[in-house]
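Chains A and B, in that order, give the protein sequences.
Just so we're aligned, residue 1 is where the first sequence starts under the working numbering, counting upward by one.
Just so we're aligned, residue 1001 is where the second sequence starts under the working numbering, counting upward by one.
All C-beta atoms in this analysis are idealised placements derived from N, C-alpha and C, irrespective of residue type, glycine included.
Please read these numbers as outputs of a predicted model, since none were measured by experiment.
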Amino acid sequence: MIRFSKYIWVYFLLSGLVLVSGVFSLIRWGFRPSVDFSGGTLIEFTTNRDLSADTVKQTAAALKMDVASVQRAGNEHYILRMKPTTSQTISQLVSGIQSVNSVKVTIQSNQTVGPVLGRELLQKATFAALLAITAILLYVAWAFKNIKFGVAAVVALLHDLLVVLGSFSLFGHFLGVEVDTLFVTAFLTTMSFSVHDTIVVFDRIREYLKRDRSRPFEELCDLALTETINRSMTNSFTIIFMLTALALMGGDTTKWFIIALLIGTVSGTYSSPFIATPVLLLWDRWERSPRRRPAEVAGGKRSI
Amino acid sequence: MFKNSRRVFILLWLLTLALIFIDLPENYHVKFSAFGHKVDRVINPPTLRLNVFGFNIQKTFKTSLGLDLAGGSDISLQADMKDIKPADRLSALESAKEVIDRRVNFFGVSEPIVQTAVENNSYRIIVELPGVSNVDEAIALIGQTALLDFREFTSAPQATAAAYTIPSLTNTKSVGITGKDLSRATMEYGQQTGTPEVAIEFTGEGQKKFGDVTTRLVGKQLAIFLDDIPVTAPVVQTPITDGKAVITGNFTKDAASALALQLNAGALPVPVSVVEQRTVEATLGAESVAKSIRAGAVGLTLVALFMILQYGRLGLIADAALLLYGLLSFGVFRLLGITLTLPGIAGFILSIGMAVDSNILIFERYKEERWNGKPWHIAIEQAFGKAWDSIRDANVTTIITSLILYNPGNWALLPSSGLVRGFAATLLIGVVMSLFTGIVASRTYIRVLYKEKE
C-alpha cells in the first residue's frame, strides 16, 4: 500500500501553482476569442483563374493575414471569413493574392458578420453546464449515499475545467491561440470525462467502506488508490496515445482542439486520486476534529 | 435465449456482418483480379426498402458530413427594415437570426451556421445548411413570418351552423392574443376526424386572456389568422379556461407539423426574403481529413497493441470488442443521420479510447481475483460483477450530462442548437454503445473463446 494521504500538501501545491497562474491569466488577460465568437468580416471575391481553397489560405498565411476560413462557392468564386478588418488590409490581401498566384481578383462584397456562437447560445450552454454539474453532484451523492462524495467529485471537476480554461488563457496570451467553437466541445468533453474517472476511484473506496468499517478512513482511501492506480494509468495511456497521435499528425485545424482534450483528460485522471480523494479525506478529518466535537455535543445538549 | 452464450456469440457475429454491410464506404472503386476473375465494381452502402403496414420506409445508409467536410447550401436572406427605426435595426436583425436559428434546428438540420451580415444599409442573415437534400423546403420554412392572430368579428353576425361568415382582415378585429401567448404547439390527429391539426397551449397570461375572450364570445365565431390569412373560424361552444385549444383546417400532415414548428420557434420580427442561394464547398480540404484519419489509425493501432501488451489474450478480446464498438457507432451515426464534422470525428476517435475503459476495469479486477487464488472462470465472472458498479455509476453521470446538453424537450433555458446538440448526440451514442460492447460483447467473447489452465 502506498501512503498517498501523507502527501496531500504536495498535490495541493502542484494544483495550486497551475490554478493560480491560470486564474491570474484569466483575470488579467482573459481569452483571445476567434471569429466564431467575435464576428468579423466576410469577403466574397472572384478570380479569373480557378484556385483551390487551400492555395488561398496558404497565400493569406504567407502574408501574415489571420484568415479563419476559405470556402469555395463554385469555380473561381470564394468566401473568406476573418476578424474585423479595415479596407486597407483587405486591399493588401487582394493584391497579395493577385501577385502570388498571378490572377485577377474582383471583390464582390464585403460584409460585417455576427458571431456563429452568439451570446444567447453561450449563456444557454453555460446554464446547461451548471445544471449538469448540479445533477452530477446529486447523482454521486445519491449513488454513494453521502453528500461528501458528490461535493468532492464536483470540486475535482471544477479543478479540471479551471485547468483547461486557465491554460488556454495562457496559450492565448503567449502563443496567440484563439478560443473557438472546438474549444467549447473540448470543455464539455473534459466535464464528462473528469467525473467518469473520479467515480471509478470512489467506487473502490465505497467497496472498502462496506467491507471493513473498523479501519481508519485514511487507510481505506490509500488502499483504494493503490489498487486503482494501475487502472488509472492504463486508461490514461490509451487516451494519451490516441490524442498524441492526433495532435502530432492530425493537421493544424484540430491541433489546439486535441491539445485542449489532452490537457482535460490528463487533469481529469490526475484529479481523481489527487484532488477528489484528498477533499474527501480532509472533510472526514474536519468532521472528526476535536475542536468540532465539543460543539456538536453542546449543540446536542441544547436540543434536549 | 440470451442465457446461452453461444447463441449470443452467433447473434453478435450476425450483427457484425450486418454492420459491415451498413458501414461500407460510399462510391469506393474496387479493381483487382484474383483466381483468374477480374473484379471491377463500385461499392456503395445498401439501401433499405421496407413495406410495413402500408408505410413505405426507404433508408439509404450514407454518412451525413458537416459544412467543414462536405460543404452545403448557402442561403442569404435580406431583412426588410423599412418599418424599423434605424436605431433598432441591429437588434431586430439579431432576434430574427435567433428565430431562424431555432427553426433550422427544429427542422432537424444538425450543425448549421446562422449569422448576421451587415453591409452599409443592407441587413442580411446568412444560413449555411450542410447537405440538405430539400433546400426549397428548408427555405420555405426558415423564411416564413408565422404571425398568429386571434380575431373577432366587428359587426357580430349571428353565427349558425348553416351560415358561416367568411372572416377577413376588414370585418374582424384582433382580440389581443398572438403567437407570443403560446407556450407550445404540437401536430396531432383529431380524435374524431383523424385529420391533422395543431394543438396549442397558452402561457399563464395567455390562458387567462384566452379564457376571458372565449367566455365573452360563447356562441360566436373566433377567427384564427396566420400571416394575415384566415385559417379557420370555429364557433366558441364553451369558455375554454384550461389554456388548451386546437387549430383545425384543411391541413396536410406536413403543413400541420410545419405550422406547429413555426409557432414553437416564434414569429420573425422583420419580414425576410431570399436574395441568394448557392452551393458552397467544404471549408476543410480533403488533405486535412486524410491526415486526421491517418492519425486516428495510428492511435488506434497503438491502443490495440498496448492492450495486448498489458493483458495478453484478454487484450485481444478487448480489441475485438473495440472493433465492434467502432462499427456499431458508425452504423448508428449513419442510421440516425448524425452529421459528422472534423471535430466530431476526432471526438469519435477519442471515444474509442474511452470505450476501452470498461475492459480495463474488468481485467484489472480479474488480475486481483486471480491473485487471490480463485480459478480463472470464477475470477472472470466475479470481475464482471464487481466492475459493474463503477461502470454503471460512471456511465450514468455521462448519460445525464449528454441528455442535459442535448435538451430533448427543447426547453427554452437550455441550448437547442447545432454545436452543443451535435456533441451531446455523439457522446450519448458513444456511451450507450460502449456499455454494450464493453460488457455484453466482451463477456460473450470471453465465455465462448477464452480458456486458461487452472
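Proximity test, residue i beta-carbon vs the ligand ATP heavy atom, cut-off 7 Å
| i | result |
| --- | --- |
| G150/A | The ligand ATP is absent from the structure shown, which contains no ligands of any kind. |
Rounded separation between residue i and residue j - CA only
| i | j | result |
| --- | --- | --- |
| F171/A | L243/A | 18 Å |
| F4/A | P1408/B | 43 Å |
| I1020/B | V1099/B | 41 Å |
| L14/A | F274/A | 10 Å |
| E1128/B | S1273/B | 16 Å |
| L1302/B | I239/A | 10 Å |
| E207/A | C221/A | 11 Å |
| T189/A | S167/A | 16 Å |
| G251/A | K1291/B | 6 Å |
| D1357/B | L223/A | 21 Å |
| I205/A | L280/A | 10 Å |
| I133/A | T1401/B | 8 Å |
| Q1277/B | L161/A | 41 Å |
| D1389/B | Q1382/B | 12 Å |
| I90/A | Y1311/B | 59 Å |
| D203/A | N1004/B | 30 Å |
| E1287/B | A1346/B | 15 Å |
| G114/A | A1117/B | 6 Å |
| K1082/B | E1119/B | 16 Å |
| R285/A | S214/A | 16 Å |
| I1126/B | L121/A | 17 Å |
| L1413/B | P290/A | 46 Å |
| E1452/B | F1384/B | 17 Å |
Opposing strand residues paired with residue i [DSSP bridges]
| i | result |
| --- | --- |
| N110/A | I43/A |
| Y1189/B | P1196/B |
| L1065/B | L1340/B |
| H77/A | T46/A |
| V1042/B | H1029/B |
| L67/A | It is worth fixing the name first, because residue 67/A is Val in this sequence and not Leu. Partner(s): M82/A. |
| Y1123/B | V1118/B |
| K1253/B | In the DSSP output, where bridge partners are listed per residue, K1253/B has none listed. |
| Q1277/B | I1075/B |
| A1282/B | Note: A1282/B sits in no beta bridge, so no partner. |
Integer-rounded CB distance, given that residue j should sit under 8 Å from residue i
| i | j | result |
| --- | --- | --- |
| I1349/B | Y1450/B | The pair is not a contact, with the Cβ atoms about 28 Å apart (cut-off 8 Å). |
| I1399/B | V1440/B | I1399/B to V1440/B, Cβ: 17 Å. No contact. |
| G1071/B | V1289/B | With 8 Å as the limit, G1071/B and V1289/B do not qualify as a contact, their Cβ atoms being about 13 Å apart. |
| A153/A | V200/A | In fact, because the Cβ distance is near 11 Å, the residues do not count as touching under 8 Å. |
| S271/A | H159/A | 5 Å |
Contacts around residue i, its chain only, beta-carbon distance under 6 Å, and the 5 residues preceding and following it disregarded
| i | result |
| --- | --- |
| I1338/B | A1425 |
| Q355/A | Because residue 355/A is not part of the residues shown, which for chain A are 1 to 304, the question remains open. |
| K1253/B | P1196 |
| L1405/B | V1420, A1424 |
| V1396/B | none |
Own chain, CB closer than 7 Å to residue i, minus 5 neighbours either side, in chain order
| i | result |
| --- | --- |
| Y1325/B | I1352, A1355, M1433, S1434, T1437 |
| E1205/B | D1181 |
| S1442/B | I1317, A1318, A1321, N1359 |
| V116/A | D36, T181 |
| S1329/B | F1348, I1429, G1430, M1433 |
| I1380/B | Y1366, I1446 |
| T1016/B | L1324, L1327 |
| L1284/B | D1068, L1069, L1342 |
Cutoff 8 Å; reference residue i; Cβ partners in own chain excluding five residues on either side
| i | result |
| --- | --- |
| S1095/B | P1269 |
| T112/A | G39, G40, T41, L42, P84 |
| T46/A | E76, H77, Y78, V105, T106, Q108 |
| K6/A | none |
| Y11/A | F274, I275, P278 |
| P1239/B | G1211, T1214, T1215, V1218 |
Residue i - DSSP class collapsed to helix/strand/coil
| i | result |
| --- | --- |
| R1007/B | helix |
| Q1237/B | coil |
| R32/A | coil |
| V297/A | Because the pLDDT of V297/A is 46, which lies under 50, any placement of that residue in the model is unreliable, and the number read from its coordinates should be weighed accordingly. Looking at V297/A - three-state DSSP - the assignment turns out to be helix. |
| F193/A | helix |
| L117/A | coil |
| T185/A | helix |
| K145/A | coil |
| F1153/B | strand |
| A1079/B | strand |
| V177/A | coil |
| P1269/B | coil |
| F1202/B | strand |
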